[in-house]
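Q: According to our numbering, the stretch in the sequence shown is residues 3 to 576, in order.
Each residue gets a CB set at the ideal place from its N, CA and C atoms; glycine is no exception.
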Amino acid sequence: MQTGRTSKVIPLILLIAIMLSACSIEVRNPDGKDISSTRSPEPTRQTSATSGSSDETSDPGGTETDPEHEITAFVTFSVDMTVENGEISPYIYGRNFYENETFSEHRYTFGRIGGNRWTAYNWENNASNAGSDWYFHSDGYLSSSDKPAVAVMDRVSAIFENQATALVTVPIQGYVAKDKIGIDVRATEDYLTNHFLKNVAFHPGETGDAPDITDEYVYQDEFVRYLERAFPTAERNGERIFYSLDNEPSLWAYTHEEIQLEPISYEELAEKNIEYARAIKSVVPDARIFGFVGYGYGAFIDLQGAPDSDLHGEFIDFYLKQMKRAEDEYGVRLVDVLDIHWYPEARDRSGNRITEESGDADMTRARVQAPRSLWDTGYIESSWITDVFGRPIALLPWLFEKIDQYYPETKLSISEYYFGGSHHISGAIAQADFLGIIGREGVYAAALWPPLDMKDSYTEAAFDMYLDYDGNGSSFGDISIYAQSSDWESTSVYASVFSDDPDKMVLIAINKTGEWTEATMDMKTTGARFDRVEVFRLSEAFPAPELIASLESEDENFSVELAPYSIQCLVLNR
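And the structure:
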């Protein structure tokens, strides 16, 4: 990034500059390596798929022009339409669904019904146990109704109303709540017998239209069948139901110590995943099943100190090998998606974890850099993970390498994550960066785990920059193409095109600094030139996208001013 010059600019948002097509622009990544002829960062999956002046043609919708300011930083964004990273999964724009939230106010494409509450969920009467989240109470928190599966069906219906896909949790631990007693079950006599039922994968006989609530068992294949009957595929409008094999099993001995008395082993968890996945696919052969659902790095490495970890090495390696073995044995893929959770352990210089809500300067610096640990092999965050392992995390390349080695074609999901700062612009920057990264890298699904107070939050506004930047449902494209920043520490850039519209390109440009930054666009396109540009911005001034410029250009190579700590959505049309 150039920092040696300062220029005075007029208070316009977009500056279109004459760029000579013969210029050779040298692009360097953060470690100084020359990458002008290569893709960097390099997506885990990639497939492959000619300047000027401008006139401002419209007032930017009444938005006030920026005050006079100085450009003090300079970057180059290189975009190449001829290099496709791959399709962007529609399921990455998701969030976890629970009460008192704003799912319906945004265009989320994926809703997860999951969390600690669902491990001991009894679908027959909607009883559940809170575990350590609320004094191990068994109660009607998920639904006061005793109608079978209504706690799930109500949530699936709400997700479908948003034209989104639902991820439903299937309990696999071994026990589910029997009743809604409303107290700490551990204080009662013989509570496993009196207040829990045995959870079983397969029903031993024929099932009817309603479950038998007089026996001592709850069957999960029967649950899936009941749910599928309630939402026949023929009556859906393209929405789907995916299935998740429980939630964070490596923590059961802590979060659900009322039913998991000892830490689960590698072998036991693999066996449970295989058994319950078989049960689900016996009902829905083409079901999309998410497995493992690990809480974080400690689970990825050794299942949080599982008793047989020394025998089997890293858990994810073991898990993938066991799922591959199961497919070979049963002749069908059982687990389709390796699912993890990612709550960054990165901390600011005072030792505060970025998942907190603070937005002070030190926390902001740490938070906006944290998404780099998803991909950047040259970035080392400040956390216990890098302290212990002495290397960059580079989470996605690390996981995709394991998938390629041990169980190819397994998809990857991050069904819980949160970067903190939901009501601060730094939270939006981290969120927007996260979405750009996972779209580029080929992640299959993702769901934010937000704090309860998300109304008018910057984090949700970051989703709008991808899903609804103009308030009319306009979105980022469905195909990721090559986009490179000359300085990933200070900026990020992501580019997309549309499989059904060759005349449109949408870019997300992020400024992670407090400086006004000029980004020079070095574009390589195909077909007719893009001659119209709209710019939408999300900044700390207001937690929603705003149209700030609409221009016509005679040159696809232009410059754009990035406001301090901001996200820009650039919409290019022919």
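By how many angstroms is the C-alpha of L305 removed from the C-alpha of S134?
A: Looking at the two C-alpha atoms, the distance is approximately 19 Å.
Q: Identify the residues that DSSP records as bridge partners of T235: which are they?
A: DSSP, once it has assigned bridges, lists no residue as partnering T235.
Q: Tell me whether the beta-carbon of V573 lies closer than 8 Å to the beta-carbon of V508.
A: Yes.
Q: Could you tell me which residues DSSP pairs with V220 in its beta bridges?
A: Paired residue(s): N201.
Q: Mind reading off the beta-carbon distance from R442 to S487? Whole number of angstroms is fine, and I expect it under 8 Å.
A: Contact doesn't hold; Cβ gap of about 12 Å is too wide.
Q: Under DSSP, the beta strand (DSSP E) around K413 begins and ends at which residues?
A: Here the beta strand (DSSP E) through K413 covers K413 to Y419.
Q: Any chance the segment 464-471 sits against the segment 392-411, with 3 or more Cβ pairs inside 8 Å?
A: Touching, no.
Q: Give the single residue among A179, I243, L454 and M325 whose Cα lies nearest to the Cα of G423.
A: Among A179, I243, L454 and M325, the Cα nearest to that of G423 is on L454.
Q: Could you spell out the range, first to last residue, of the alpha helix (DSSP H) harbouring L253?
A: It is not in any alpha helix (DSSP H) - L253 carries neither H nor E in the DSSP assignment.
Q: Near A232, which residues of its chain fall below 6 Å by C-beta distance, leaving aside the five closest residues on each side in sequence?
A: Here the set comprises M155.
Q: Closer than 7 Å by C-beta to G184: which residues in its own chain qualify, once you throw out the five before and the five after it? Chain order, please.
A: Cβ within range, chain order: H139 and D141.
Q: Does the beta-carbon distance from Y221 to L199 come in below 8 Å?
A: Contact flag unset, no.
Q: Between the segment 549-561 and the segment 522-535, are three or more C-beta pairs nearer than 8 Å?
A: Contact holds: three or more Cβ-Cβ distances are below 8 Å.
Q: Buried or exposed, going by whether 16 or more other CB atoms sit within 10 Å of the CB of A24?
A: Here the model assigns A24 a pLDDT of 29, short of 50, so the residue's position is not dependable, and the following value carries that caveat. Exposed: under 16 other Cβ atoms inside 10 Å.
Q: Looking only at its chain, what residues have a beta carbon closer than 6 Å to the beta carbon of A153, apart from the 5 residues adjacent to it on each side?
A: Closer than 6 Å at the Cβ level, and outside the excluded window around A153, lie N128, L144 and S145.
Q: Which first and last residues belong to the beta strand (DSSP E) in which M507 is found?
A: Note, M507: beta strand (DSSP E), D503 to N513.
Q: Checking the sheet assignment: what are the DSSP bridge partners for Y484?
A: Note: Y484 sits in a beta bridge opposite D82.
Q: Would you say S385 and R349 are within 8 Å of each other, going by their C-beta atoms?
A: Result yes, Cβ atoms of S385 and R349 sit closer than 8 Å.
Q: Buried or exposed: where does Y137 fall if 16 or more other Cβ atoms within 10 Å of its Cβ makes it buried?
A: Under this definition Y137 is an exposed residue.
Q: Using DSSP with H/G/I as helix, E/B as strand and the rest coil, what is E403?
A: Note: E403 maps to helix in three-state DSSP.
Q: Please classify K514: is it buried, with 16 or more other beta-carbons within 10 angstroms of its beta-carbon, or exposed?
A: K514 is buried by the Cβ-count criterion.
Q: Could you tell me which of S552, A301 and A434 sits nearest to L271, measuring between CA atoms?
A: Among S552, A301 and A434, the Cα nearest to that of L271 is on A301.
Q: For H314, which beta-bridge partners are listed by DSSP?
A: Answer is none; H314 lacks a bridge partner.
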